[in-house]
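Below is one structure, written out as structure tokens; comments come after it.
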């Protein structure tokens with residue numbers, strides 16, 4: 014299930030305030046919605062994985078089968094990630110005190126091994142960030158599965174004219190048939206032959 018454009022905008026606006034958690038969560042939601050990352054890929058990102066390539070910041074994404082791909086960082090996401098890292102006293106591009114440290118971390122300590130130094134867990138990203146803010150934005154969280162934001166990014170890119178082969182590479186799919194599952198352009202009512210009939 015993919016979100017509609019209005020729902021995606023509402024979700025991006027759901028984390029409110031200037032707390033470190035709100036800044037982190039806005040950056041996470043933006044990273045998922047604008048880049049189509051799997052939750053596991055998001056959780057594997059390190060601070061140093063944001064590299065400049067041809068003058069544009071790119072997260073280095075470790076996908077399935079340890080395949081690496083570079084995804085241009087959307088300007089809105091780049092701004093949110095910068096604000097989050099600045100508030101956390103860290104910086105992207107290999108700077109800061111721990112360039113090898115997890116990009117997205119818990120903001121409160123707990124008894125888990127690694128405490129604040131470890132990255133977030135994929136399950137907690139879905140439960141405590143995606144599902145929580147969906148509820149706050151008035152989106153029925155029960156219908157939002159773990160891949161909903163990935164599906165939203167892919168569907169939105171295709172709906173707005175992205176080439177399906179480029180979307181395949183962007184998502185890290187080995188087979189284009191997997192990418193075609195996100196292509197809903199043929200289901201748009203305005204594309205129906207009904208509206209081509211003339212008497």
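Numbering (the numbering used here), first residue to last: 14 to 212.
Ideal Cβ placement from N, Cα and C applies to all residues, glycine included.
Handout entry: Given residue 195 as reference, the closest of 23, 164, 63 once Cα atoms are compared
Key = When 23, 164, 63 are compared, the shortest CA-CA separation from residue 195 is found for 164.
Practice task
Could you tell me whether the region 32 to 50 touches the region 90 to 97, where touching means 3 or more Cβ pairs closer than 8 angstroms?
Solution key: yes
Practice task
Would you mind giving the Cβ-Cβ distance between residue 40 and residue 97, rounded to the nearest angstrom? I have them listed as a contact below 8 angstroms.
Solution key: 4 angstroms
Exercise for the section: Could you spell out where the beta strand (DSSP E) holding residue 64 opens and where it closes? Expected result: 63 to 66
Exercise for the section: Quick one: residues in its chain with C-beta nearer than 7 angstroms to the C-beta of residue 37, no 5 flanking neighbours on either side, listed in chain order? Expected result: 97, 117, 120
Exercise for the section: Name the two residues that bound the continuous alpha helix (DSSP H) containing residue 71. Expected result: From DSSP, residue 71 is part of no alpha helix (DSSP H) but of the beta strand (DSSP E) over 69 to 75.
Problem - CA-to-CA distance, residue 146 to residue 17, given in whole angstroms - result: 15 angstroms
Handout entry: Euclidean distance between Cα positions of residue 166 and residue 192
Key = 12 angstroms
Problem - Helix, strand or coil at residue 29 according to DSSP, with G and I counted as helix - result: coil
Handout entry: Proximity below 9 angstroms, CB of residue 71 to CB of residue 86
Key = yes
Problem - CA nearest to the CA of residue 101, picked from 175, 26, 33 - result: 33
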